[in-house]
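I have placed the structure first, in the form of structure tokens, so that the comments after it can refer back to it.
Number of protein chains: 2
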Amino acid sequence: MKATATAPGKTILVGEHFVVYGEAAIVMAINRRVQVTVEGRQNRSLYISSDLGFSGTFVEDKYTAETGYVGGEKVLKPIKISAQTVLNAFEKKIGLNISVHSSIPMAVGLGSSGALAVATVAAVGKFLGRELSADKIVSLSTEAEKVVHINPSGIDQAISTYGGVIVYKKEEGITRLKTASAIPLVIGNTGIQRNTGILVDNVRMKRSRFPEIMNLMNSAAKHLSRQFIVALKSDALNSLGELMDINQGLLMAIGVSHEALDRLVYAARASGAVGAKLTGAGGGGCMIALTPLDQRERVSEAIRRVGGTPIIAKKADKGVHCWIHE
Amino acid sequence: MKATATAPGKTILVGEHFVVYGEAAIVMAINRRVQVTVEGRQNRSLYISSDLGFSGTFVEDKYTAETGYVGGEKVLKPIKISAQTVLNAFEKKIGLNISVHSSIPMAVGLGSSGALAVATVAAVGKFLGRELSADKIVSLSTEAEKVVHINPSGIDQAISTYGGVIVYKKEEGITRLKTASAIPLVIGNTGIQRNTGILVDNVRMKRSRFPEIMNLMNSAAKHLSRQFIVALKSDALNSLGELMDINQGLLMAIGVSHEALDRLVYAARASGAVGAKLTGAGGGGCMIALTPLDQRERVSEAIRRVGGTPIIAKKADKGVHCWIHE
Chain C
1252 MKATATAPGK
1262 TILVGEHFVV
1272 YGEAAIVMAI
1282 NRRVQVTVEG
1292 RQNRSLYISS
1302 DLGFSGTFVE
1312 DKYTAETGYV
1322 GGEKVLKPIK
1332 ISAQTVLNAF
1342 EKKIGLNISV
1352 HSSIPMAVGL
1362 GSSGALAVAT
1372 VAAVGKFLGR
1382 ELSADKIVSL
1392 STEAEKVVHI
1402 NPSGIDQAIS
1412 TYGGVIVYKK
1422 EEGITRLKTA
1432 SAIPLVIGNT
1442 GIQRNTGILV
1452 DNVRMKRSRF
1462 PEIMNLMNSA
1472 AKHLSRQFIV
1482 ALKSDALNSL
1492 GELMDINQGL
1502 LMAIGVSHEA
1512 LDRLVYAARA
1522 SGAVGAKLTG
1532 AGGGGCMIAL
1542 TPLDQRERVS
1552 EAIRRVGGTP
1562 IIAKKADKGV
1572 HCWIHE
Chain R
1252 MKATATAPGK
1262 TILVGEHFVV
1272 YGEAAIVMAI
1282 NRRVQVTVEG
1292 RQNRSLYISS
1302 DLGFSGTFVE
1312 DKYTAETGYV
1322 GGEKVLKPIK
1332 ISAQTVLNAF
1342 EKKIGLNISV
1352 HSSIPMAVGL
1362 GSSGALAVAT
1372 VAAVGKFLGR
1382 ELSADKIVSL
1392 STEAEKVVHI
1402 NPSGIDQAIS
1412 TYGGVIVYKK
1422 EEGITRLKTA
1432 SAIPLVIGNT
1442 GIQRNTGILV
1452 DNVRMKRSRF
1462 PEIMNLMNSA
1472 AKHLSRQFIV
1482 ALKSDALNSL
1492 GELMDINQGL
1502 LMAIGVSHEA
1512 LDRLVYAARA
1522 SGAVGAKLTG
1532 AGGGGCMIAL
1542 TPLDQRERVS
1552 EAIRRVGGTP
1562 IIAKKADKGV
1572 HCWIHE
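Residue numbers (this note's numbering), protein chains in the order written: chain C, 1252 to 1577; chain R, 1252 to 1577.
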């Protein structure tokens, strides 16, 4: 008997960075998913195979690589921790074979870690015969994430669990947003590594040097998120695009854009996108271009031409789901 | 006997576009100048020769081209109007030979029109034996400009007359700013034509669609100009650069940047500039990069490599001046 769960990745539509200072980030699940399959195992170790380039076995905290030696432990450990968190929650002392397939590029701000944690938690729960509520999946996967990252917001776990669109504010937490908008995107991956912590710190330092200016841009971002929600509810594609363009300017102003991101942004806008901006931490990683369906190929080609890797994506209304098979 | 006057061009350091809504623009005279030489003529026509690609004669409003036929009248007429304005002011009915040399690229936001008007007014005044005060030169050249453009702010005429740095606000007019800062720049010309009127209109329309967001960005620009003045007074090069970078983000947010401008901006920043932004109307035209003296060649080369034409420039403390010779 096996249990499988799939969970979607995510993209931040607007509000990244400003969310650190209390404004709303609007986050959407995308139709790129991870799939985690769990089955029983003879001994009490956790064996993880993946298409992430690594496989290996954890016996307690000791990792033994099977394929893809260097860096494997770092990539697979969060999966192990997610599985272990569920086993601990139900006081099960068993081993598992965990197999992972992902169509979400890693470490570019598309929520692959959150989706992996959520799918792993759901699959292990299902395998144990427990019907985990969505809230329980969020809390268990966020708990697991805490071992890896200090202070996760839980936003990635929530969007991978619920799907659709959510609004997140530091003080108010998560609100699910009903929208009929399809939000057709072309995501452009610059392929450039960035360090989220350094980018967040740089914004904080800029803020200490120029508090009034940065506060006013924060307020502009607050209103921008509000207008974005209004436009989402009425499926006003052009307004959504224009607000994304404004947001990109604000993100450039606070210093988190990057030459490669803006190159992709301009290429997308010039090829039929109604708006484009970086998504996530910035400084590299990905941008998103809101793109009418009939322009997606053109925008993809334009992104490719200026050195990016395009990913066609849209809203995934379905969050995590799981089933038993074989 | 001849009279010659020279006047500097200008660049907007920060505040363009936001100035339309009442915030401060900070404008600097640059060491690129026009030179206008005036001498007597047998008849009452105005003969203008120039290194702008045109020469010809005005008899009243009738233009007869001598060289560079198409477009010559449009280029030379403002010079004729400036000269005529001074002749009229002193009720002189004489002809003049006017010879113009310019090292300011035209129609890219570097104030060539203003400098031409100012130098022409000063040279004609000097030729007539009148000691025109600076204020008189500003008012006569602005009066002349009114024939060509509706509602000139007078800012270009003021900076070409006074030199140095001035702060301009719609409600308060012009304030001269004392600063010891050298403000070493590399200006990058994209070579892309833009239409200032359309750009200003686009901002106005964006403002009507998203009033709160645009108002808050205006307020951010207001504080930015204030901080810029503080940094100018203390010659804080890094702060000036950082504020220029923030300003560029705001200008992108209101929709007046351009792919070519940002390409030059990023190239300059990556090659030693401490800050860079578009200058003037945007949508093409020029960008400026605040660049320590020992980095100017590198930044110039970087701008050239990505398709721009670099112009090394710095603050011109000397405004218009004129002399009699031969």
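All C-beta atoms in this analysis are idealised placements derived from N, C-alpha and C, irrespective of residue type, glycine included.
As the structure is a computational prediction, the values presented were derived from the model and not from experiment.
Might you give, ordered along the chain, the residues of its own chain that have their beta carbon closer than 6 Å to the beta carbon of LYS1569 of chain R, omitting 5 neighbours on each side?
By 1-based counting over the second sequence, the position of residue 1569 of chain R is 318. For LYS1569 of chain R, where only same-chain residues beyond five positions count, the Cβ hits under 6 Å are GLY1414.
Assign VAL1351 of chain R to one of three DSSP states: helix, strand, or coil.
Taking the first residue of the second sequence as position 1, residue 1351 of chain R is located at position 100. The three-state secondary structure of VAL1351 of chain R, taken from DSSP, is strand.
Leaving out five residues on either side along the sequence, give the residues of the same chain with a beta carbon under 6 Å from the beta carbon of GLU1394 of chain C.
Along the first sequence, one-based indexing puts residue 1394 of chain C at 143. Beyond the five residues adjoining it in sequence on each side, GLU1394 of chain C comes within less than 6 Å, by CB distance, of THR1336 in the same chain, given in chain order.
Using a cut-off of 9 Å between C-beta atoms, extract the partners of GLN1293 of chain R located in chain C.
Within the second sequence, numbered from 1, the residue matching residue 1293 of chain R stands at position 42. For GLN1293 of chain R, there are no neighbours in chain C by C-beta distance under 9 Å, as the nearest C-beta there is about 57 Å away.
Close-in-space but distant-in-sequence residues of the same chain around ARG1427 of chain C (CB under 7 Å, 5 per side omitted)
The residue labelled residue 1427 of chain C in the question sits at position 176 within the first sequence. For ARG1427 of chain C, where only same-chain residues beyond five positions count, the Cβ hits under 7 Å are TYR1413, GLY1415 and ILE1417.
Residue-chain proximity (SER1470 of chain R, chain C), Cβ-Cβ < 8 Å:
As a position in the second sequence, residue 1470 of chain R is number 219, starting the count at 1. At a cut-off of 8 Å between C-beta atoms, SER1470 of chain R counts as an interface residue with respect to chain C.
Taking beta-carbon pairs under 8 Å, can you tell me which members of the stretch 1474 to 1492 of chain C lie near chain R?
Those would be HIS1474, LEU1475, GLN1478 and SER1490, in chain order.
Cα separation between ASN1489 of chain R and GLY1526 of chain R?
Here the question's residue 1489 of chain R lines up with position 238 in the second sequence. Here the question's residue 1526 of chain R lines up with position 275 in the second sequence. Their Cα atoms are separated by approximately 8 Å.
Could you spell out the range, first to last residue, of the alpha helix (DSSP H) harbouring ARG1578 of chain R?
The requested residue 1578 of chain R does not occur in the structure, where chain R is confined to residues 1252 to 1577.
Partner residues on chain C for ILE1443 of chain R, Cβ-Cβ distance less than 8 Å:
Counting from 1 along the second sequence, the entry for residue 1443 of chain R is found at position 192. Residues of chain C passing the Cβ test: none, with the nearest at roughly 13 Å.
Contact belief for ALA1258 of chain C with VAL1571 of chain C at Cβ below 8 Å, rounded distance in angstroms
Numbered from 1 along the first sequence, position 7 holds the residue referred to as residue 1258 of chain C. Numbered from 1 along the first sequence, position 320 holds the residue referred to as residue 1571 of chain C. Cβ-Cβ separation between ALA1258 of chain C and VAL1571 of chain C: approximately 4 Å, consistent with a contact (criterion under 8 Å).
For a contact defined as C-beta to C-beta under 7 Å, what are the partners of LEU1501 of chain C on chain R?
Here residue 1501 of chain C refers to the residue found at position 250 when the first sequence is read from its first residue. Neighbours of LEU1501 of chain C on chain R, chain order: GLY1500 and ALA1504.
Listed by chain order, chain C residues near PHE1461 of chain R by CB distance under 9 Å:
Numbered from its first residue, the second sequence carries residue 1461 of chain R at position 210. Within chain C, the residues HIS1474, LEU1475, GLN1478, SER1490, GLU1493, LEU1494 and ILE1497 have their CB atoms less than 9 Å from the CB of PHE1461 of chain R, given in chain order.
Using only alpha-carbon positions, find the residue among C:LEU1515, C:ALA1567 and C:ALA1532 that is nearest to PRO1561 of chain C.
One-based indexing of the first sequence puts residue 1561 of chain C at position 310. The residue with the shortest Cα to Cα distance from PRO1561 of chain C is C:LEU1515.
Could you check whether ILE1281 of chain R and THR1262 of chain R sit closer than 8 Å to each other, using their CB atoms as the reference points?
Counting from 1 along the second sequence, the entry for residue 1262 of chain R is found at position 11. Counting from 1 along the second sequence, the entry for residue 1281 of chain R is found at position 30. The beta carbons of THR1262 of chain R and ILE1281 of chain R sit closer together than 8 Å.
What whole-angstrom Cβ distance do GLN1478 of chain R and MET1503 of chain C have, given they're in contact under 8 Å?
Position 227 of the second sequence holds residue 1478 of chain R. Position 252 of the first sequence holds residue 1503 of chain C. About 18 Å; that fails the 8 Å criterion.
Assuming the contact rule is C-beta atoms closer than 8 Å, ALA1521 of chain C and ILE1554 of chain C should be a hit. Round their C-beta distance to whole Å, please.
Here residue 1521 of chain C refers to the residue found at position 270 when the first sequence is read from its first residue. Here residue 1554 of chain C refers to the residue found at position 303 when the first sequence is read from its first residue. Not quite, the Cβ-Cβ distance comes to about 11 Å (not below 8 Å), so this is no contact.
Exposure of THR1318 of chain R, with buried meaning 16 or more beta-carbon neighbours within 10 Å
Locating residue 1318 of chain R in the second sequence gives position 67, where the first residue counts as 1. With fewer than 16 other Cβ atoms within 10 Å, it is exposed.
Alpha helix (DSSP H) runs wholly inside the stretch 1497 to 1526 of chain C, at least 4 long, in chain order
If we require 4 residues or more, the alpha helix (DSSP H) runs fully inside the stretch 1497 to 1526 of chain C come out as 1510 to 1520.
What does a CB cutoff of less than 7 Å around ILE1330 of chain R pick up in its chain, not counting 5 residues either side in sequence?
As a first step, residue 1330 of chain R is located in the second sequence; it is residue number 79 there, counting from the start. So the list reads ILE1299, ILE1349, VAL1351, LEU1367 and THR1371, once near-sequence residues are dropped.
Using a Cβ cut-off of 7 Å, pull out every chain R residue sitting near LEU1467 of chain C, in sequence order please.
Numbered from 1 along the first sequence, position 216 holds the residue referred to as residue 1467 of chain C. Those within 7 Å of LEU1467 of chain C in chain R are LEU1467, SER1470, ALA1471 and HIS1474.
Quick check: is the beta carbon of ILE1464 of chain C nearer than 8 Å to any beta carbon in chain R?
Your numbering for residue 1464 of chain C matches position 213 in the first sequence. At a cut-off of 8 Å, the C-beta of ILE1464 of chain C has a neighbouring C-beta in chain R.
Beta-carbon contacts of THR1315 of chain C that lie in its chain and below 6 Å, excluding the five residues immediately before and after
Here residue 1315 of chain C refers to the residue found at position 64 when the first sequence is read from its first residue. Correct list, in chain order: GLY1307 and THR1308.
Buried versus exposed call for VAL1289 of chain R [16 or more other C-beta atoms within 10 Å across all chains shown]:
If you number the second sequence from 1, residue 1289 of chain R lands on position 38. Around the beta carbon of VAL1289 of chain R, a 10 Å sphere encloses 16 or more other beta carbons of the protein chains shown; the residue is thus reported as buried.
Are any of the Cβ atoms in chain R nearer than 8 Å to that of TYR1517 of chain C?
As a first step, residue 1517 of chain C is located in the first sequence; it is residue number 266 there, counting from the start. Answer yes: the Cβ-Cβ gap between TYR1517 of chain C and chain R drops below 8 Å somewhere.
Output the distance between the C-alpha atoms of ARG1460 of chain R and ILE1575 of chain C, rounded to the nearest integer angstrom.
The residue given as residue 1460 of chain R occupies position 209 in the second sequence. The residue given as residue 1575 of chain C occupies position 324 in the first sequence. So the alpha carbons of these two residues sit roughly 51 Å apart.
Just verifying my parser: in three-state terms, what is the DSSP assignment at PRO1259 of chain C?
In the first sequence, residue 1259 of chain C corresponds to position 8, counting from 1. Here PRO1259 of chain C carries a strand assignment [DSSP, helix/strand/coil].
As a quick exercise: from C:LEU1327, C:ILE1505, C:ILE1449 and C:ALA1385, pick the residue whose alpha carbon is nearest that of ALA1373 of chain C.
The sequence position of residue 1373 of chain C within the first sequence is 122, counting from 1. The option with the nearest alpha carbon to ALA1373 of chain C is C:ALA1385.
Taking the straight line between their C-alpha atoms, what separation do you get for GLY1304 of chain R and GLN1444 of chain R?
Stepping through the second sequence from its first residue, residue 1304 of chain R is reached at position 53. Stepping through the second sequence from its first residue, residue 1444 of chain R is reached at position 193. Distance between the alpha carbons of GLY1304 of chain R and GLN1444 of chain R: 18 Å.
Please report the residue range of the beta strand (DSSP E) in which ARG1381 of chain R lies.
Taking the first residue of the second sequence as position 1, residue 1381 of chain R is located at position 130. DSSP places ARG1381 of chain R in no beta strand (DSSP E); its state is neither H nor E.
Between the C-alpha atoms of HIS1509 of chain R and VAL1454 of chain R, what's the straight-line distance to the nearest angstrom?
Mapped onto the second sequence, residue 1509 of chain R falls at position 258. Mapped onto the second sequence, residue 1454 of chain R falls at position 203. Straight-line measurement puts the Cα of VAL1454 of chain R at about 14 Å from the Cα of HIS1509 of chain R.
Compare the Cα-Cα distances from ILE1266 of chain R to each of R:LEU1297, R:GLY1534, R:GLU1577 and R:LEU1529 and report the closest residue.
Numbered from 1 along the second sequence, position 15 holds the residue referred to as residue 1266 of chain R. For the record, residue 1266 of chain R in the displayed sequence is Gly; it is not Ile. Of R:LEU1297, R:GLY1534, R:GLU1577 and R:LEU1529, the residue nearest in Cα terms is R:LEU1529.
N-terminal and C-terminal residue of the beta strand (DSSP E) that GLN1286 of chain C is part of:
As a working mapping, residue 1286 of chain C is identified with position 35 in the first sequence. Note, GLN1286 of chain C: beta strand (DSSP E), 1276 to 1291.
Check distances from the C-beta atoms of the stretch 1544 to 1555 of chain C to those of chain R and list, in chain order, the residues that come in under 9 Å.
Those would be none; no residue qualifies.
DSSP state of ASN1294 of chain C, grouped into three classes?
Here residue 1294 of chain C refers to the residue found at position 43 when the first sequence is read from its first residue. Of the three classes helix, strand and coil, the one that applies to ASN1294 of chain C here is coil, per DSSP.
Output yes if chain R places a C-beta closer than 8 Å to the C-beta of GLU1267 of chain C; else output no.
Within the first sequence, the letter at position 16 stands for residue 1267 of chain C. Not one chain R Cβ lies under 8 Å of GLU1267 of chain C.
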